[in-house]
Amino acid sequence: MFDLNALMISLGLLADPLTITLLVVGIVLGMIIGILPGLGPPIAIALALPFTFYMETIPSMILLLGIYSAAIYGGSISAIAVGIPGTGAAIATVQDGHKMFKAGRGGEALGFSLTGSIIGGLFSVVCLVVISPLLASLAVKFGPREYLAISVFGLIVVVRVAGKSLPKGLLMGTLGIFLTTWGLDELNGTERFTFGTYHLYEGLPLVPFLVGLFAVSEVLIGSERALQKTRFNMDSLKVKLPGLKTLAGLKDVIFRSSIIGTIIGIIPGEGAAVGAFFAYSEAKRRSKTPEAYGTGIPEGIIAPETANNATVGGALVPTLTLGVPGSPAAAVLLGALLIQGLTPGPKLFSDRPDLMYAIFIGLFVINILMMFIGLLAIRFAARLIMVPTSVIVPTVLLLSFVGIYSVSYSFFNVGVLMGAGILGYVVRKLGYSIAPLSIGFVLGPILENSLRQSLTIADGSFVEFFNSPIGLTIYATLVLTILWGPIISRIRKNSTKA
Amino acid sequence: MLSQRIANTVFALLVILISFYFAWIAEGFEASGLLASSGLPSKFFPQLILGTIIACAIITCYLYGIKGEAGGDAGETVFDNAGDARRGILMLIVSVVCYLSWRSFGFIPMAILLGPLSLLAMGIKQPYIYATVWGLTGCVYLIFTYLLGIQLV
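Note that the protein sequences, when read in sequence, are chains A and B.
The first sequence runs 0 to 497 under numbering that gives the first Met the number 0.
The second sequence runs 0 to 152 under numbering that gives the first Met the number 0.
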């Protein structure tokens, strides 16, 4: 599997001044967009997509990965400084981070957040390097039944965790899948929901749909709070990194959160926010002083921040090996690979080993550089929190318009962007989560093709779906995932009673 | 400002109606030639998914109708206040108008209008914000046109 020649090629490309510049630019841009409330990693990647069309694959992926990692970290800066999470992944950080900031310990809080993010990010890259080639070699043997099982798994899991209401989550997931049935039927060429326009022959385009869903809907929601003003004290913003002794005392929380974040990232459809919440609640549950959480303690910052950055490497595992996105941001990243003419999946490892090595090494470098850039730029970057929403809203809308138009010079794509944006706005206002909608939209074609192929192979028998050891294992894991929570809480309840 | 219960019930009912309409359209899907008999019919998957959407929407309707909430949003409203509603809806209209004006009159008129119209929709009065947004619009235009070589027409 190891290819020295490909490794040397990727090292050569990574050492190119343009790639290094893009790496730094990616981190800075990601941090800036992450800081701005509401604009998370999917939007950050989506807004940078047009700039990558004319680049080579490796530099463009390095830029996008830098943005992805730094945007997740950037969200914690506004969470700590003003109590407004820049991204969903930083919501769990608000509770303790902002309390520490208000107590005059903002520098310490930022130090914990930066350190946790770096450690979580590096841990997940190690897991990505180890797991993804193994999974890719296994995935080569996957047939329609296995891909069906993975798609069902991803969809059900994201529906379960994305919102408070299961029927509403499932409605969004299936709506996303339904929208992928528009266009020519890939198996027999039938026109489906094309409404007489040739634009729809290839279905609704992925990138405009995702950018609309995330960026335009956020612009519309952001416009509602345009008159709110943000003020905070800059004095407390000098980053103070925790010492080794302090970190040694937090090693259990860091290690556990890194594992949680990576695993949650690997589960198709999960995002950084889920990883952060899970790690926070797990740290609190295992703590001897759970009542201290939420009062401004380092554990309350380091647990979610380690986990949310650990989801980055984790999310890339299914994205690169199976073509199934591990998070909404990874779904946009998957779109970037498609634009570059690459098909994410197990064959990517044999077809483009240089790209794989570049991604692995690039992510390592990104996480290490993020430490230095974070230390140097945090005070300047934090000033961006005060940029009025009224300036951000029209600028992001214009960037979305121009970015999507520049992909194919198509007004139809801009129309899809608008349509998806309005749909996203309406459903978000009604309390639906857009994560299942986006994941359903990405998984839809895989789900339909694998279902129809499986049924055709099995002569219409649904029982044959379970006649695959890998598929059966995935379904069993899904059942366990669903039942695990209720079983554990029942056991805890019984043990408390006893 | 508009309870989640009413808004979600109306939305779910609309979803049911539209899904039935799409399921009816799907009945007419036909493959031609040699491919016509290959595998499952094209309508199978869309109708399966539409059936699931309808089932979810019916459950949502039931939850809001009987329990008054789904996922703990009892008593919540779609907009916090009238100002938020006005800004959000006006911004939505502005974005659609700008898209249509781009198609009809070209990029530059749209780009000039987008900033001020958005700011008016949001109720912004400070002139320096208008100037900043116009400046940023100019930067976006210059970057895309001269740096990336994209023809914005």
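The C-beta atom is built at its ideal place from N, Cα and C for all residues, glycine as well.
Treat the numbers as computed from the prediction; the structure is a model and nothing was measured.
Bridge partners - residue i, DSSP secondary structure assignment
| i | result |
| --- | --- |
| A/L183 | A/E190 |
| B/S2 | B/T76 |
Member of the options whose CA lies at the smallest distance from the CA of residue i
| i | options | result |
| --- | --- | --- |
| A/P143 | A/L133, A/F465 and A/P485 | A/F465 |
| A/A91 | A/D458, A/P327, A/F277 and A/S409 | A/F277 |
| B/W133 | B/Y145, B/T76 and B/M109 | B/M109 |
| A/P317 | A/S136, A/L28 and A/I44 | A/S136 |
| A/L35 | A/P485, A/V386 and A/R451 | A/V386 |
| A/R351 | A/L46, A/I26, A/E55 and A/A14 | A/E55 |
| A/T261 | A/K283, A/P204 and A/A306 | A/A306 |
| A/T480 | A/L154, A/L442 and A/L203 | A/L154 |
| A/L12 | A/L354, A/V392, A/T394 and A/M370 | A/L354 |
| B/Q111 | B/I123, B/L39, B/Y129 and B/V95 | Inspection of the sequence shows that residue 111 of chain B is occupied by Ile rather than by Gln. Here the closest residue by C-alpha is B/Y129. |
| B/T51 | B/A69, B/D79, B/G71 and B/A22 | B/A22 |
| B/D79 | A/R224, A/M369, A/R191 and A/A102 | A/R224 |
| A/A381 | A/I71, A/D15, A/P40 and A/S77 | A/S77 |
| A/I220 | A/S280, A/A302, A/I391 and A/R191 | A/I391 |
| A/V151 | A/L454, A/I384, A/I253 and A/L442 | A/L442 |
| B/P40 | A/G172, A/G188, A/A271 and A/L63 | A/G188 |
| A/K101 | A/V23, A/G293 and A/N308 | A/G293 |
| B/L62 | A/P166, A/L347 and A/F213 | A/P166 |
| A/P204 | A/G402, A/S432, A/G334 and A/P16 | A/G334 |
| A/F213 | A/I384, A/L64, A/V23 and A/S432 | A/S432 |
| A/I42 | A/E217, A/S123, A/S222 and A/N412 | A/E217 |
| B/L91 | A/K346, A/I421 and A/R427 | A/I421 |
| A/T245 | A/L368, A/F111 and A/I358 | A/F111 |
C-alpha gap between residue i and residue j, whole angstroms
| i | j | result |
| --- | --- | --- |
| B/A73 | A/M60 | 44 Å |
| B/P157 | B/G87 | Outside the shown range of chain B (0 to 152) lies residue 157 of chain B, about which nothing can therefore be said. |
| A/S399 | A/V128 | 33 Å |
| B/I142 | A/F52 | 14 Å |
| A/K98 | A/P49 | 39 Å |
| A/I118 | A/G73 | 15 Å |
| B/F19 | B/I53 | 8 Å |
| B/V9 | A/P84 | 32 Å |
| A/A531 | A/A89 | Examination of residue 531 of chain A is not possible in this model, given that chain A is present from 0 through 497 alone. |
| A/K492 | A/W483 | 14 Å |
| A/E468 | A/T173 | The sequence shown places Pro at residue 468 of chain A, rather than the Glu named in the question. In a straight line, the C-alpha of A/P468 is about 27 Å away from that of A/T173. |
| A/V252 | A/G423 | 36 Å |
| A/L183 | A/G96 | 50 Å |
| A/T18 | A/L62 | 8 Å |
| A/F363 | A/A314 | 15 Å |
| A/P132 | A/Y356 | 11 Å |
C-beta contact flag for residue i and residue j at 8 Å
| i | j | result |
| --- | --- | --- |
| B/C55 | A/L178 | no |
| A/T180 | B/F44 | yes |
| A/T38 | A/I32 | For the sequence presented, residue 38 of chain A should be read as Leu rather than Thr. Cβ atoms of A/L38 and A/I32: closer than 8 Å. |
| A/I66 | A/L109 | no |
| A/L429 | B/Q3 | yes |
| A/L243 | A/P297 | no |
| A/G175 | A/S437 | yes |
| B/G70 | A/K163 | yes |
| A/A376 | A/M30 | yes |
| B/L113 | A/L397 | yes |
| A/I71 | A/V311 | yes |
| A/P58 | A/L21 | yes |
| A/G115 | A/I365 | no |
| A/V157 | A/A434 | yes |
| A/T320 | A/L446 | no |
| A/L186 | A/T193 | no |
| A/V238 | A/G106 | yes |
| A/G322 | A/T342 | yes |
| B/L135 | B/T76 | no |
| A/A80 | A/I490 | no |
Below-8 Å beta-carbon distance, residue i vs any chain C residue
| i | result |
| --- | --- |
| B/L49 | No chain C is part of this structure, whose protein chains are labelled A and B. |
Near the ligand FMN: residue i beta-carbon under 7 Å from a heavy atom
| i | result |
| --- | --- |
| B/I65 | Among the components of this structure there are no ligands whatsoever, and the ligand FMN is therefore not found. |
Could you run through the stretch 103 to 135 of chain B and flag, in chain order, every residue whose CB is less than 7 Å away from some CB of chain A? A110, L113, G114, S117, L118, A120, M121, G122, I123, I128, T131, V132 and L135
Check distances from the C-beta atoms of the stretch 447 to 476 of chain A to those of chain B and list, in chain order, the residues that come in under 7 Å. E447, L450, R451, L454 and T455
Quick one, which residues of the stretch 75 to 91 of chain B are near chain A if we go by CB-CB under 7 Å, in chain order? V77, D83, R86, G87, M90 and L91
Quick one: which residues of the stretch 35 to 64 of chain A get their C-beta closer than 9 Å to a C-beta of chain B? List them in chain order. P49, F50, F52 and Y53
Listed in chain order, which residues of the stretch 405 to 418 of chain A have Cβ atoms closer than 8 Å to some Cβ of chain B? S405, Y408, F410, V413, G414 and M417
Residues in the stretch 139 to 166 of chain A with C-beta within 7 Å of chain B's C-beta atoms, listed in sequence order? G162, K163, S164 and P166
Check distances from the C-beta atoms of the stretch 165 to 187 of chain A to those of chain B and list, in chain order, the residues that come in under 7 Å. P166, K167, L169, L170, T173, L174, I176, F177, T180, D184, L186 and N187
Listed from N- to C-terminal order along the chain, which residues in the stretch 189 to 203 of chain A have their beta-carbon within a distance smaller than 7 Å of any beta-carbon of chain B? T189, R191 and F192
What residues in the stretch 209 to 233 of chain A have a beta carbon less than 8 Å from any beta carbon of chain B? V215, V218, L219, I220, S222, E223, R224, A225 and L226
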